[in-house]
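Please read the structure below before turning to the comments.
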Amino acid sequence: MSAFLQYLITGIARGFLFALLATGFVVIHRVTKVVNFAQGAFAVLGGFIAYSLLRAGVPHGVSEAIAVLAAAAIGLVFGAITILGNMTPVGSLITTIGLAILSEAIAMIAWGTTPLTFSGIGGPDIQVAGVFLQTQYLLLIGVSLVVLVVLWLALDRTYVGKGMTSCASNPYAARLAGINVKRMGLLSFAIGGALGGLGGVLIMPLFPLTYDGDVSLSILGFAAAIVGGLTSPGLALVGGLVFGIAEQFVAGYWSPANESAVALGILLLLLLWQARRHRSEEIA
Amino acid sequence: MATGRAPERGVESIMLLETKMLLRSFGGIRAVDEVSLSVEPGELRALIGPNGAGKSTLFSLVSGHLQPDKGTISFDERRIERMKPAARARLGIAITFQTVHLFQGMTVLENVMVGAHSWTRHEFVEAALRLPRYFREEPLIRNRALEALLRAGLEPWAGARAESLPLGKQRALQIARALCGRPKLLLLDEPAAGLRGEERRVLAELLLGLREEGLTMVLVEHDIGFVSEVADWVTVLDMGKVIAEGTPAHVRENEAVISAYLGSATADDVLGTR
């Protein structure tokens with residue numbers, strides 16, 4: 018029973034990490050139609066920057082905040098490279114993969130190849146139903162939940178959120194309504210960067226990251242985003258939790274080696290389901 | 141060509157929109173060929189001409205979706221020919237399209253609200269964190285959008301998906317979205333195309349009502365009957381050049397205009413000259 022609870026709670030925590038990344042995919046896609054496969058790199062770079070700042074003696078809280086802002090700035094730069102050249106969506110997607118590879122190389126040169134971690138916020142472990150929990154889990158879940166709800170409300174319930182969505186829906190008309198479409202696109206990349214960075218700094222004390230960890234993070238974030246058709250932040254959260262919990266149960270009860278196989282299997286089924294749905298919509 | 145305006149028109153008044161020797165070519169063909177055009181504040185101007193006369197190109201040059209090869213555009217005493225479309229929208233130029241451009245998946249009201257971007261100031265971060273400017277502006281935007289919907293007769297459809305509306309209502313929606321941006325100049329690209337009797341009459345009333353309130357409009361239209369009902373002044377384009385200018389009645393009598401439209405035998409049908 019306690020093993021079950023342990024897997025469930027770590028699964029939920031991982032799920033929120035995936036949901037943060039998935040929401041990054043959703044925000045960027047909703048504004049620019051770009052599928053940004055450098056999303057996982059934001060988490061790795063953000064986490065690594067926080068690691069270095071903490072080692073340099075910068076206090077907790079400040080380090081993480083700077084790292085998130087740095088990740089937002091990296092997002093902005095990646096966004097500028099991806100969308101300012103007026104590429105096709107496929108061209109942009111390939112560009113983001115290139116940027117992901119580039120940031121892996123930079124991370125490897127700057128931080129090396131060993132997995133990195135740092136201690137999270139202190140405080141005694143909390144005992145819930147016979148399971149000991151690091152407070153970092155609660156921090157990860159709490160902060161992510163607040164950020165995701167705020168973003169979801171802003172995107173779906175406010176005027177500016179509608180304006181952002183209008184950029185992808187009809188950029189031509191959006192420009193004529195007075196919207197600077199490129200600027201909105203850059204903003205979405207900055208938000209995506211901040212979300213990735215936040216995920217990175219929150220998860221690193223629990224799960225060490227390596228320079229090349231961005232690929233699996235991107236894939237799982239993408240898979241979670243696909244649940245909501247790359248447009249719904251609410252469903253992206255659901256998707257994140259499904260993948261997080263599934264991952265931990267597969268790893269716990271079966272074998273960690275099967276984690277990615279199962280995740281990719283679910284992703285494949287989701288993609289098939291989405292493709293079918295699109296086709297039937299077109300026919301109808 | 142006859143680009144000078146008739147003497148009875150207000151020569152002294154300051155123009156809201158003025159193009160000078162505007163030129164834009166596509167692969168050697170001059171789509172807009174040295175067009176000089178002046179629109180007074182409060183005027184309802186019609187641009188007519190056969191297909192390929194350069195009307196839509198001229199609109200795109202004014203809205204900013206195309207850059208001119210040569211020539212200048214002044215709006216509200218400012219040179220705008222190098223400005224981006226969004227910047228021009230913020231100055232007060234709004235446009236509705238011949239092909240309806242909607243934001244799919246959003247409601248009619250939301251579509252109209254997006255039009256307010258030309259005057260709102262608050263940004264995403266302020267909306268996300270619910271800062272004061274968000275609370276000041278969001279109700280203003282909503283009210284302005286509802287007003288525009290009412291104006292365009294779309295209020296009953298406020299909550300409907302934009303793409304579910306019939307064509308006539310979609311066109312009205314575009315006008316409502318433009319009005320929500322509080323424009324000084326409204327460019328209408330064939331607003332009456334595909335509209336039937338009643339819808340057409342409602343549109344004409346809407347345009348005349350807006351003119352009453354002092355809104356300046358430029359209208360591209362094929363339907364001369366519609367133009368005669370609403371326009372103060374007509375500019376006729378052919379092969380990228382202005383070939384005639386004047387009141388609707390004056391233009392309908394003009395020989396050059398009649399021959400530009402399919403030759404004189406069928407001109408009566410096309411132009412409705414009786």
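Residue numbers (our numbering), protein chains in the order written: chain E, 18 to 301; chain C, 141 to 414. Backbone N, C-alpha and C fix where the C-beta goes; we use that ideal spot for every residue, glycine too. None of the values given here were measured: they were computed from a predicted structure.
Secondary structure of residue i, DSSP reduced to three states
i: Met223(C); result: coil
i: Met161(C); result: strand
i: Lys210(C); result: strand
i: Ile126(E); result: helix
i: Glu278(C); result: helix
i: Gly108(E); result: helix
i: Met253(C); result: helix
i: Gly257(E); result: helix
i: Arg336(C); result: coil
i: Thr106(C); result: No answer is possible for residue 106(C): it lies beyond the span of chain C, which begins at 141 and ends at 414.
i: Pro147(C); result: With a pLDDT of 41 at Pro147(C), under the threshold of 50, the modelled position of this residue cannot be trusted, and the question is left open.
i: Thr406(C); result: Confidence in Thr406(C) is poor, its pLDDT being 47 and thus under 50, which makes the residue's placement unreliable; the coordinate value appears in the next sentence. In the structure shown, Thr406(C) sits in a helix (DSSP, three-state: H, G or I).
i: Val240(C); result: coil
i: Phe42(E); result: helix
i: Phe54(E); result: coil
i: Arg261(C); result: coil
i: Ile143(E); result: strand
i: Ala292(C); result: coil
i: Arg293(E); result: helix
i: Val267(E); result: helix
i: Ile138(E); result: coil
i: Val148(E); result: strand
i: Ala185(E); result: helix
i: Met141(C); result: Residue placement at Met141(C) is poorly supported in this model, since its pLDDT is 37, which falls under 50; the coordinates still yield a value, given next. Of the three classes helix, strand and coil, the one that applies to Met141(C) here is coil, per DSSP.
i: Ile235(C); result: strand
i: Arg270(C); result: coil
i: Leu286(E); result: helix
i: Thr247(C); result: strand
Continuous beta strand (DSSP E) stretch holding residue i: start and end
i: Arg200(E); result: Run containing Arg200(E): none in the beta strand (DSSP E); it sits in the alpha helix (DSSP H), 198–220.
i: Phe224(E); result: Unbroken run through Phe224(E): none, as it is neither H nor E.
i: Asp378(C); result: 373–378
i: Ile383(C); result: 381–386
i: Leu184(C); result: 184–188
i: Glu174(C); result: 169–179
i: Leu198(C); result: Note, Leu198(C): premise wrong, no beta strand (DSSP E); alpha helix (DSSP H) at 195–203.
Other residues of its chain near residue i: CB distance less than 6 Å, five sequence neighbours each side excluded
i: Leu286(C); result: none
i: Gly144(C); result: Low local confidence applies: a pLDDT of 40 at Gly144(C) is under 50, so the model's placement there is unreliable, with the coordinate-based value given in what follows. Counting only Cβ-Cβ distances below 6 Å, and skipping sequence neighbours, we find nothing.
i: Glu217(C); result: none
i: Val279(E); result: Val267
i: Val340(C); result: It should be pointed out that residue 340(C) corresponds to Arg in this sequence rather than to Val. Around Arg340(C): Ala332.
i: Ala171(E); result: Gly178
i: Ser19(E); result: Gly147, Val148
i: Gly308(C); result: Leu335, Glu339
i: Asp329(C); result: Phe199, Phe237, Gln238, Val360
i: Leu258(E); result: Gly32
Among the options, nearest to residue i - alpha-carbon criterion
i: Met125(E); options: Leu286(E), Gly251(E), Thr227(E); result: Thr227(E)
i: Gly211(C); options: Gln238(C), Ser176(C), Ala300(C), Leu348(C); result: Ser176(C)
i: Glu278(C); options: Trp373(C), Trp297(C), His257(C); result: His257(C)
i: Ala263(E); options: Gly147(E), Pro76(E), Asn275(E); result: Asn275(E)
i: Arg164(C); options: Gly386(C), Lys381(C), Pro272(C); result: Lys381(C)
i: Leu206(C); options: Leu101(E), Val163(E), Ser272(E), Arg192(E); result: Arg192(E)
i: Ser178(C); options: Phe366(C), Pro208(C), Val358(C), Glu250(C); result: Val358(C)
i: Met181(E); options: Glu352(C), Gly349(C), Met253(C), Ala300(C); result: Met253(C)
N-terminal and C-terminal residue of the alpha helix (DSSP H) that residue i is part of
i: Ala97(E); result: 79–100
i: Asp173(E); result: 152–174
i: Asp231(E); result: 231–244
Beta-carbon proximity list for residue i, same chain, < 7 Å, skipping 5 on both sides
i: Ser113(C); result: Within the shown structure, residues of chain C are numbered from 141 to 414, placing residue 113(C) beyond reach of any answer.
i: Ile45(E); result: Val51, Asn53, Ser205, Phe206, Gly209
i: Gly158(E); result: The question names Gly, but residue 158(E) is Ile in the sequence shown. Only Ile29, Ala30, Phe33 meet the Cβ criterion.
i: Thr260(C); result: Glu277, Ile281
i: Met155(C); result: Ser178, Val179, Glu180
i: Ser404(C); result: Confidence at Ser404(C) is low in this model, with a pLDDT of 44, below 50, so the placement of that residue should be treated as unreliable; the coordinate-derived value is given next. Correct list, in chain order: Ile398.
i: Lys195(C); result: Leu187, Gly189, Val360, Leu377
Cut-off 8 Å between Cβ atoms - residues of its own chain near residue i, not counting five sequence neighbours on either side
i: Glu148(C); result: Only weak support is given to the placement of Glu148(C): the predicted model assigns it a pLDDT of 48, under 50, and the value that follows is read from those uncertain coordinates. Taken in chain order, the list of residues that qualify is empty.
i: Leu133(E); result: Gly64, Phe65, Tyr68, Met221, Pro225, Leu226, Thr227
i: Val145(E); result: Leu22, Ile26
i: Ile83(E); result: Ile66, Ala67, Leu70, Val75
i: Leu231(C); result: Phe215, Asp216, Arg218, Ile220, Met223, Lys324
i: Phe243(C); result: Glu250, Asn251, Val254, Ala302
Note down, in chain order, all residues in the region 345–373 of chain C with a beta-carbon under 7 Å from any beta-carbon belonging to chain E. none
Against chain E: residues of the region 245–258 of chain C by CB proximity under 9 Å: If the cut-off is 9 Å between Cβ atoms, the region 245–258 of chain C has Gly245, Met246, Glu250, Asn251, Met253, Val254, Gly255, Ala256, His257, Ser258 near chain E.
Between the region 304–318 of chain C and chain E, which residues of the former have a C-beta closer than 7 Å to a C-beta of the latter? Arg317
In chain order, what residues of the region 175–189 of chain E put their CB closer than 8 Å to some CB of chain C? Thr175, Tyr176, Val177, Gly178, Lys179, Gly180, Met181, Thr182, Ser183, Ser186, Asn187, Tyr189
Using a Cβ-Cβ cut-off of less than 8 Å, give me the residues of the region 156–169 of chain E that come near chain C, in sequence order. Val167, Leu168
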